[in-house]
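The structure appears below as structure tokens.
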Amino acid sequence: MKLPLPLDMEPMLSAISEAGIPKGDGWEYEPKWDGFRTLVFRDGDEVALMSRGGRPMTRYFPEVLPAFRALAQKKLVLDGELVVVGANGLDFGALQQRVHPAESRVRMLSEATPAWFIAFDVLAEGEADLRKLSLGERRKRLEKLLKGVKQPLFLTPYTRDLKTAKDWFEKFEGAGLDGVIAKSWDGAYVPGKRHWVKIKHQRTADCVVIGWRKSSDGSTLGALLLGLYDKKGTIHYVGHTSSFNAAERKELIAKLKPLQTEIPEEEWRANPGRMPGGLSRWSRGKDTEIASTAQFDVRGIFRSN
Numbered sequence: 052m053k054l055p056l057p058l059d060m061e062p063m064l065s066a067i068s069e070a071g072i073p074k075g076d077g078w079e080y081e082p083k084w085d086g087f088r089t090l091v092f093r094d095g096d097e098v099a100l101m102s103r104g105g106r107p108m109t110r111y112f113p114e115v116l117p118a119f120r121a122l123a124q125k126k127l128v129l130d131g132e133l134v135v136v137g138a139n140g141l142d143f144g145a146l147q148q149r150v151h152p153a154e155s156r157v158r159m160l161s162e163a164t165p166a167w168f169i170a171f172d173v174l175a176e177g178e179a180d181l182r183k184l185s186l187g188e189r190r191k192r193l194e195k196l197l198k199g200v201k202q203p204l205f206l207t208p209y210t211r212d213l214k215t216a217k218d219w220f221e222k223f224e225g226a227g228l229d230g231v232i233a234k235s236w237d238g239a240y241v242p243g244k245r246h247w248v249k250i251k252h253q254r255t256a257d258c259v260v261i262g263w264r265k266s267s268d269g270s271t272l273g274a275l276l277l278g279l280y281d282k283k284g285t286i287h288y289v290g291h292t293s294s295f296n297a298a299e300r301k302e303l304i305a306k307l308k309p310l311q312t313e314i315p316e317e318e319w320r321a322n323p324g325r326m327p328g329g330l331s332r333w334s335r336g337k338d339t340e341i342a343s344t345a346q347f348d349v350r351g352i353f354r355s356n
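Going by the working numbering, the first residue of the sequence shown is number 52, and it counts up by one from there.
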């Protein structure tokens, strides 16, 4: 591919707001879709889908590729969200199942639970890098680029009206709207920076840390593995979280290492299929004084913020 932006480019990020939806004339508001953040790179017939973390996703979603190839612009980079629609709205669980190593299952799921792509930004068009343009200008270009598109491509709606944004936030929880994103209308697109603001629906619980994973390069904490006790006092693995800054990761590793155990006996240890991939280190859950508050989805599975 010969595009003005590299495939390993970091997407622009958002910071969680505890103060609600920000007010002011300088904001634009969009729905926060419950899906996989995805960057789309197209150069002629070549199309690459890349995850937020730089992981190639193209092979898992073959059904959306022809729609990108059909666009008039032959060279482009889009930012958006891959989603799967279920009976009651967007189905994040079904979306997760789409990432499977077997080619036969990928093909089967692409027909049984096809994905849609909801675009909310255009970062490159032709040979032009658009990231320094204002959001308002990029939005105009995106609307022109995607005019008349049909399923599986969609253009995310937006509003500059605070009341409408609040209505979205309040009315559509549970149907696939994970909250609202506020963005500066005059702002540039800055990869890796949390200049956007997300206001999320929060469903939380206090968990015990039962283990952890190292980062991909092994240098620091990657994720905390979370557990909850049942009424009989048995601890069960319920998910993981990784929303920590560099200082917090270093501090947590220091606290957890003395609690590491090599021979875990808890029931959650026997269900590795629900663990995040890679080698896990287990802590003595009953002795761990670290607690973590994490968001969980409608299936009761905890997810990182």
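Don't be surprised by glycine CBs; every beta carbon is placed ideally from N, CA and C.
Where the alpha helix (DSSP H) through residue i begins and ends
| i | result |
| --- | --- |
| ASP218 | 213 to 222 |
| SER155 | 154 to 163 |
| PRO203 | It is not in any alpha helix (DSSP H) - PRO203 carries neither H nor E in the DSSP assignment. |
| ALA305 | 297 to 307 |
| GLY144 | 143 to 148 |
| ALA99 | Note, ALA99: premise wrong, no alpha helix (DSSP H); beta strand (DSSP E) at 97 to 102. |
Residue range of the beta strand (DSSP E) that includes residue i
| i | result |
| --- | --- |
| LYS126 | 126 to 137 |
| LYS198 | Where LYS198 is concerned, there is no enclosing beta strand (DSSP E), given that its DSSP letter is neither H nor E. |
| GLU79 | 78 to 84 |
| LYS251 | 247 to 251 |
| ALA233 | 228 to 235 |
| ARG93 | 87 to 94 |
| ALA256 | 255 to 265 |
| PHE171 | 166 to 176 |
Cα-Cα separation, residue i to residue j
| i | j | result |
| --- | --- | --- |
| LEU204 | TRP167 | 6 Å |
| LEU174 | LEU279 | 42 Å |
| LYS195 | LYS53 | 23 Å |
| LEU275 | PRO309 | 15 Å |
| TYR288 | CYS258 | 10 Å |
| LYS113 | ALA305 | At residue 113 the sequence reads Pro, which differs from the Lys that was named. Rounded to the nearest angstrom, the two C-alpha atoms are 43 Å apart. |
| LYS222 | GLY238 | 28 Å |
| GLY140 | LYS83 | 14 Å |
| ALA118 | VAL128 | 14 Å |
| SER266 | THR292 | 12 Å |
| TRP236 | PRO152 | 40 Å |
| ALA321 | LEU184 | With a pLDDT of only 42 at ALA321, under the threshold of 50, the placement of this residue in the model should not be trusted; the figure read from the coordinates follows. Answer to the nearest angstrom: the Cα atoms are 51 Å apart. |
| LYS234 | GLY105 | 23 Å |
| GLN311 | PHE295 | 20 Å |
| ARG264 | GLY284 | 25 Å |
Which listed residue (the options) has its alpha carbon closest to that of residue i
| i | options | result |
| --- | --- | --- |
| LYS244 | LEU100, ILE261, VAL128 and ILE67 | ILE67 |
| PHE143 | LEU186, LEU228 and ASP257 | LEU228 |
| ALA123 | GLY177, ASP130 and ASP76 | GLY177 |
| LEU56 | SER235, LEU307 and ALA99 | ALA99 |
| ILE286 | ARG120, GLN148 and GLY262 | GLY262 |
| GLY75 | THR109, LEU206 and LYS214 | LYS214 |
| THR207 | GLU81, LYS217, GLY199 and LEU64 | GLU81 |
| VAL423 | VAL135, LEU277, PRO73 and GLY230 | Lying before the first or after the last residue shown, residue 423 is absent from the chain, which here runs from 52 to 356. |
| LYS191 | TYR209, VAL231 and GLN147 | TYR209 |
| LEU58 | TYR240, ILE169, ARG93 and SER65 | ARG93 |
| TRP78 | LEU193, THR271, LYS282 and LYS249 | LYS249 |
| GLU224 | VAL115, ARG211, HIS252 and SER65 | HIS252 |
Beta carbon proximity, residue i to chain D, threshold 8 Å
| i | result |
| --- | --- |
| GLN147 | Checking the listed chains, one finds no chain D in this structure; it contains a single protein chain. |
Rounded Cβ spacing between residue i and residue j (contact assumed at less than 8 Å)
| i | j | result |
| --- | --- | --- |
| ARG149 | TYR111 | 5 Å |
| ARG156 | ASP172 | With 8 Å as the limit, ARG156 and ASP172 do not qualify as a contact, their Cβ atoms being about 31 Å apart. |
| GLU132 | THR164 | With a Cβ gap of about 16 Å, GLU132 and THR164 do not count as contacting. |
| MET108 | PRO242 | Rounded, the Cβ-Cβ distance is 18 Å, inconsistent with contact. |
Closer than 7 Å: residue i CB and nearest the ligand HEM heavy atom
| i | result |
| --- | --- |
| ALA170 | Here there are no bound small molecules, and the ligand HEM is not part of this structure. |
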